[in-house]
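For reference, the structure discussed in these notes is given below.
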Amino acid sequence: MSTFKHYNPILKDRLVSCIKSGNAELLLQVLSNLRASDFRTAGYMMANDVLTMCDSSTFWHLFINIVPVNTKAYLGTFLKAAVSLYEKGHLTLCEQILKQHVELSTAIDKQKVVDAFLPHLRSVDEVTCLVNIYYDDEREKAVQLLIKAGTLPCYYVMFNLLKSFETERIAHYVRALLMLKNQLAYNMASVLKQYFDIHNIPAVFSLHIEPYQLHRLDKGYETFIKVLTNKSK
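Adding 42 to a residue's 1-based position in the sequence shown gives its number in this note's numbering.
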């Protein structure tokens, strides 16, 4: 039985050398020559340490040249490092690279990328960019993932997407939000119910929106958030 180690200093030095030079071809060569136990060690170190040394440009260069070679082996590793870099302010979404990646992605790959990033993205523009790249022609799926992420920027993007949906589908997502049983989701359900005039929703909402507030929902993100979080009165 092979033993998985979290750290190997010699292997780490080799990985760091490849990554600092941005040499994707050499990094792939090093990884492909490892035995199974060392490959797992390399993956752990890359996700938690080595790849987080990259600047944004180097990271995306390595991502698009390595992940598609063996998505099952590399996508999770790179996504974990990507979230860490983003949280530290060292990574920005690269629209060009993501557009290349989506063309090479399976449905599962696409969802993994969006699931990894959405809960962490801080701006509406970033959420919109990611959703448009990966789910431009799958709006129902996009709404499902935005609900799952459940952040303020995600709810705002979802609100705007739902404007093109039929009332029956909007009602479905109101019910989906209620099933989450948290206050922000309940508030979002209330916003949708009142804005889109949805009936037959068996729930009592603590967030009551005045008619004049409904018009404010279309004025932009900051105003939308004030209504959603009950800070607009």
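By construction, the Cβ of each residue, glycine as well, lies at the ideal position given by its N, Cα and C atoms.
These figures come from a predicted structure and were not determined experimentally.
Apply the 10 Å Cβ neighbour rule to Pro195 and answer buried if 16 or more other Cβ atoms are within range, or exposed otherwise.
Buried, since its Cβ has 16 or more Cβ neighbours within 10 Å.
Among Ala84, Asn90, Ile61 and Pro51, nearest to His276 - alpha-carbon criterion:
This structure cannot settle anything about residue 276, because the visible part of the chain is limited to 43 through 275.
When the Cα atoms are used, what is the spatial distance from Gly85 to Gln153?
CA-to-CA, the gap between Gly85 and Gln153 works out to about 21 Å.
What does a CB cutoff of less than 8 Å around Ser206 pick up in its chain, not counting 5 residues either side in sequence?
Result list for Ser206: Arg181, in chain order.
What does a CB cutoff of less than 7 Å around Gln225 pick up in its chain, not counting 5 residues either side in sequence?
Nothing meets the Cβ criterion.
Out of curiosity, what's the CA-to-CA distance linking Met43 and Thr170?
Low confidence applies to Met43: its pLDDT is 46, below 50, so where it sits in the model is not reliable, and the reading given next is rough at best. Each residue's alpha carbon lies about 46 Å from the other.
Taking the C-alpha atoms as reference points, what is the distance between Phe201 and Leu234?
Their Cα atoms are separated by approximately 7 Å.
Just to confirm before moving on: does the CB-CB distance between Val109 and Leu117 stay below 8 Å?
In this structure, Leu117 lies closer than 8 Å to Val109 by Cβ.
Locate the alpha helix (DSSP H) running through Ala245, then write down its first and last residues.
Note, Ala245: premise wrong, no alpha helix (DSSP H); not H, not E.
Taking Asn272 as the reference, give the member of Tyr228, Val166, Ser165 and Tyr49 with the closest Cα.
Cα-wise, what sits closest to Asn272 is Tyr228.
Can you tell me whether Ser99 is buried or exposed? The criterion is at least 16 other CB atoms within 10 Å of its CB, across all chains shown.
Residue environment for Ser99: exposed (fewer than 16 other C-beta atoms within 10 angstroms of its C-beta).
Using a Cβ-Cβ cut-off of 6 Å (strictly less than) and excluding sequence neighbours within five positions of His48, which residues of its own chain qualify?
Apart from the 5 residues on each side of it in sequence, His48 sits with its Cβ closer than 6 Å to the Cβ of Tyr86 in its chain, given in chain order.
Test item: CB-CB of Ile240 and Val269 under 8 Å
Contact check for Ile240 against Val269 fails: the beta carbons are separated by 8 Å or more.
Close-in-space but distant-in-sequence residues of the same chain around Val199 (CB under 7 Å, 5 per side omitted)
For Val199, where only same-chain residues beyond five positions count, the Cβ hits under 7 Å are Val166, Val169, Thr170, Val173 and Leu188.
If you draw a straight line from the C-alpha of Asp55 to the C-alpha of Ala123, how long is it?
Rounded to whole angstroms, the separation of the alpha carbons of Ala123 and Asp55 is 18 Å.
Can you have a look at Met230 and say buried or exposed, based on whether 16 or more other CB atoms are within 10 angstroms of its CB?
Looking at its Cβ environment, which holds 16 or more other Cβ atoms inside 10 Å, Met230 is buried.
Can you tell which of Ala245, Pro253, Ala184 and Asn50 has its C-alpha closest to the C-alpha of Arg82?
Its Cα nearest to that of Arg82, the residue Asn50 stands out among Ala245, Pro253, Ala184 and Asn50.
Could you pull out every residue in the same chain whose Cβ sits closer than 7 Å to the Cβ of Phe120, ignoring the five residues on either side in sequence?
Here Phe120 has Leu93, Phe105 and Val109 as same chain residues with Cβ atoms under 7 Å from its own Cβ, once five neighbours each way along the sequence are excluded.
Once you ignore the five residues that flank Tyr128 on each side, which residues in its own chain have a CB closer than 7 Å to its CB?
In its chain, beyond the 5 residues on either side, His162 have a beta carbon closer than 7 Å to the beta carbon of Tyr128.
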